[in-house]
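Here is the structure we will look at.
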Amino acid sequence: MNRAKKALLSRRTMLKGAGALVALPYLEAMMPSSVYALPTPVATPRLGMFYFGMGMNMRQFTPTDFGPQFTLPRILQPLEEHRGQFTVLSGTYLQHGGGHQGTYPFATGVPMDKKQGVSVDQLAAEALGQDTRFPSLQMSVKNGTGFGSQVLATLAFNRQGAPLAAENDPSVLFDRLFRPPSKAEKAAEAGAFRHRQSILDLVQEDAARLQKRLGQADRRQMDQYFYSVRELEQQLERRIAWSDKEKARPELAELGDYSQPISPDQPEDFSYEAYSRLMYDLIALAFQTDSTRVATYVVRTELKGGSYPEWSLSRDYHSLTHHGNNPQNLEELARADTIYMRHWSRFLSRLRSIPEGDGTLLDHAALGFSSGMGIGHSRDQLPTMVSGGARLGLHHQGHVGLPPNTPLANLWRTMLDRTGVPVPETFHDSTGVVKELIDA
Numbered sequence: 005m006n007r008a009k010k011a012l013l014s015r016r017t018m019l020k021g022a023g024a025l026v027a028l029p030y031l032e033a034m035m036p037s038s039v040y041a042l043p044t045p046v047a048t049p050r051l052g053m054f055y056f057g058m059g060m061n062m063r064q065f066t067p068t069d070f071g072p073q074f075t076l077p078r079i080l081q082p083l084e085e086h087r088g089q090f091t092v093l094s095g096t097y098l099q100h101g102g103g104h105q106g107t108y109p110f111a112t113g114v115p116m117d118k119k120q121g122v123s124v125d126q127l128a129a130e131a132l133g134q135d136t137r138f139p140s141l142q143m144s145v146k147n148g149t150g151f152g153s154q155v156l157a158t159l160a161f162n163r164q165g166a167p168l169a170a171e172n173d174p175s176v177l178f179d180r181l182f183r184p185p186s187k188a189e190k191a192a193e194a195g196a197f198r199h200r201q202s203i204l205d206l207v208q209e210d211a212a213r214l215q216k217r218l219g220q221a222d223r224r225q226m227d228q229y230f231y232s233v234r235e236l237e238q239q240l241e242r243r244i245a246w247s248d249k250e251k252a253r254p255e256l257a258e259l260g261d262y263s264q265p266i267s268p269d270q271p272e273d274f275s276y277e278a279y280s281r282l283m284y285d286l287i288a289l290a291f292q293t294d295s296t297r298v299a300t301y302v303v304r305t306e307l308k309g310g311s312y313p314e315w316s317l318s319r320d321y322h323s324l325t326h327h328g329n330n331p332q333n334l335e336e337l338a339r340a341d342t343i344y345m346r347h348w349s350r351f352l353s354r355l356r357s358i359p360e361g362d363g364t365l366l367d368h369a370a371l372g373f374s375s376g377m378g379i380g381h382s383r384d385q386l387p388t389m390v391s392g393g394a395r396l397g398l399h400h401q402g403h404v405g406l407p408p409n410t411p412l413a414n415l416w417r418t419m420l421d422r423t424g425v426p427v428p429e430t431f432h433d434s435t436g437v438v439k440e441l442i443d444a
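Here our numbering is used: the first residue of the sequence shown is 5, the next is one more, and so on.
Below is the structure:
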């Protein structure tokens, strides 16, 4: 059952007086009732989804005891300083996961061989991204979409089930988010805006004439086409509306160098340690400057990559997942996964260091990570964790053992609920929210 309730007032409510429109400040009546009962008002909610392809060594990820004071296993030990700000969820299940196709249903609930639906992050973007320059941010260790292959590079799919391309170069992402355009670039973009609008107008006119001559089935196809055209128009209108507004100028002290291209696709002189820091810091900067409130990050894809020369592993990550119970393979998997968790811990520390409202940026961000498989390429016992969101009403329990085969979608439903995003009554294979996370 969806616990999110409609706000008493829209956040875009305006007062009319003396011929002018005046925007209201952020009021408690504008908050969804699912968070209204919190003791103090919340700042703007953020939502992040993170994908670790190929699972993890669950033998050294899964805690053996439960509750807030659970014993951190080896892979999770880097998170000791964040105890009380995250919950490990055992027993999660991805209905169409397992193998190497789990990236597809991860955020949509739809298997690889079916037409995709709208992803969780895009539901959030529709609700949270209306007042930001970028409704959502798609990041990945692989550039593009990878659509059609098992090495899917993105988690994001629009209402028509089309994948949204991810970017893997932090310098490109930084420029997109923060670099102000030159006068020449602004002039060229303005011309491009007019050209694109003219093309869209012509396309709409031709399509409208054609639709009158089509049968019912073809009209449904044309309706989908019109939706895509309207979506392009909305994107164009958004870019025009933001084109004259200055981009945020973040404080870059103690952060890495975003001036030079860096991509895992060009492995020469590539340092994953530096790369990971740049990518996670970008999410923190984007959230901090309110450039976006929704982010997805494919930290590790299926099949390709996942390990780096600086880690001194004997084999690539995928080969290690076919461990055959070999102690060395399992040891190296755990070593790699611990490195990933060290990077995750630093990301949480970064968010926790940024004051916001009645807490920190971490307190106002619901962050979930998992995978499309568990150890042994299974679709159950996934490495699943939710972090942050204390001021959104997430009550962390350390380690929670959920009933076997609890849909991973229950976590996504919970995160949407806590960030005030309306959830369809039928949502993936979800059976409800994770009550342990929201019941005080």
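We put the beta carbon where it would ideally sit given N, CA and C, even for glycine.
Residues bridged to residue i (per DSSP)
i, result
"Phe-90", "Ser-391"
"Glu-85", "Answer is none; Glu-85 lacks a bridge partner."
"Leu-51", "Val-298 and Ala-370"
"Arg-417", "In DSSP, Arg-417 forms no bridge with anything."
"Val-122", "DSSP, once it has assigned bridges, lists no residue as partnering Val-122."
"His-403", "Gly-71 and Val-92"
"Gln-142", "Thr-300"
"Glu-171", "Met-143"
"Phe-161", "Pro-167"
"Thr-364", "Pro-359"
"Asn-384", "For clarity, residue 384 is Asp in the given sequence; the question names Asn instead. DSSP, once it has assigned bridges, lists Tyr-97 as partnering Asp-384."
"Pro-313", "None, per the DSSP bridge assignment."
"Thr-410", "Thr-96"
"Gly-148", "Ala-170"
"Phe-274", "None, per the DSSP bridge assignment."
"Phe-56", "Arg-304"
Option in the options with minimal Cα separation from residue i
i, options, result
"Phe-182", "Gly-148, Ser-295 and Leu-398", "Ser-295"
"Asp-384", "His-400, Ala-369, Asn-409 and Gly-372", "Asn-409"
"Asn-147", "Tyr-108, Pro-387 and Val-303", "Val-303"
"Arg-281", "Glu-360, Ser-153 and Val-145", "Val-145"
"Pro-77", "Gly-150, Glu-250 and Pro-387", "Pro-387"
"Lys-249", "Ser-94, Lys-308, Thr-305 and Asp-135", "Asp-135"
"Gly-424", "Gly-405, Leu-406, Gly-393 and Phe-90", "Gly-393"
"Glu-272", "Tyr-301, Leu-259 and Tyr-312", "Tyr-312"
"Gly-150", "Arg-354, His-403, Gln-105 and Gly-378", "Gln-105"
"Gln-292", "Leu-256, Leu-80 and Lys-308", "Leu-256"
"Leu-152", "Gln-142, Asn-330 and Ala-166", "Note that residue 152 corresponds to Gly in the displayed sequence, not to Leu. Among Gln-142, Asn-330 and Ala-166, the Cα nearest to that of Gly-152 belongs to Ala-166."
"Met-143", "Arg-180, Pro-109, Gln-154 and Gly-121", "Arg-180"
"His-432", "Phe-74, Val-124, Glu-258 and Ser-247", "Val-124"
"Ala-290", "Gly-380, Arg-137, Ser-247 and Asp-341", "Arg-137"
"Met-345", "Gln-81, Arg-50, Pro-49 and Gly-59", "Gln-81"
"Gly-59", "Ala-111, Ser-267 and Phe-373", "Phe-373"
"Thr-301", "Asp-117, Ala-169, His-381 and Thr-435", "With the sequence shown as reference, residue 301 is identified as Tyr, and Thr is not the correct amino acid for it. Ranking the options by Cα distance to Tyr-301, first place goes to Ala-169."
Neighbourhood of residue i by C-beta, 8 Å cutoff - its chain only, sequence neighbours within 5 removed
i, result
"Pro-29", "Here the model assigns Pro-29 a pLDDT of 37, short of 50, so the residue's position is not dependable, and the following value carries that caveat. Counting only Cβ-Cβ distances below 8 Å, and skipping sequence neighbours, we find nothing."
"Asp-443", "His-399"
"Arg-354", "Tyr-284, Asp-285 and Ala-288"
"Thr-435", "Thr-410, Pro-411 and Asn-414"
"Thr-112", "Gln-120, Gly-121, Val-122, Ser-123, Val-124, Phe-161, Gly-165 and His-432"
Whole-number beta carbon distance between residue j and residue i, since they are thought to touch under 8 Å
i, j, result
"Gly-445", "Ala-299", "Any property of residue 445 remains undetermined from this structure, which presents the chain solely from 5 to 444."
"Val-469", "Phe-54", "Only positions 5 to 444 of the chain appear in this structure, which leaves residue 469 out of reach."
"His-347", "Tyr-284", "7 Å"
"Gln-401", "Pro-72", "6 Å"
"Thr-107", "Gly-376", "6 Å"
"Ala-370", "Leu-352", "Wrong, their Cβ atoms sit about 13 Å apart, outside the cutoff."
"Gly-405", "Ser-94", "5 Å"
"Arg-50", "Arg-297", "5 Å"
Cβ neighbours of residue i in the same chain (closer than 6 Å, five flanking residues each side left out)
i, result
"Leu-83", "Ser-349"
"Glu-360", "Ala-47 and His-368"
"Leu-337", "Asn-61 and Leu-324"
"Gly-57", "Arg-304, Thr-305 and Glu-306"
"Asp-69", "Thr-75"
"Asp-341", "Met-60, Asn-61 and Ile-79"
Sequence-distant residues of its chain with Cβ nearer than 7 Å to residue i (five each side left out)
i, result
"Gln-126", "Ser-140, Ala-160, Phe-161 and Asn-162"
"Ala-157", "Ser-144, Lys-146, Asn-147, Gly-148, Thr-149, Gly-150, Ala-170, Val-302 and Thr-305"
"His-322", "Met-58, Leu-307 and Gly-310"
"Arg-217", "none"
"Gln-154", "His-104, Gln-105, Glu-306 and Leu-307"
Could you check whether the segment 90-104 touches the segment 353-369, counting it as contact only if at least three pairs of C-beta atoms, one from each stretch, sit closer than 8 Å?
no
So, does the segment 162-182 touch the segment 259-278, judging by three or more C-beta pairs under 8 Å?
Judged by Cβ distances under 8 Å, the segment 162-182 makes contact with the segment 259-278, as three or more pairs qualify.
Does the segment 119-138 come into contact with the segment 270-282, if we say contact requires no fewer than three beta-carbon pairs (one atom in each stretch) closer than 8 Å?
no
If you pair each beta-carbon of the segment 61-78 with each one of the segment 409-423, do three or more pairs fall below 8 Å?
no
Within the chosen definition, does the segment 315-327 reach the segment 155-170 through at least 3 CB pairs nearer than 8 Å?
no
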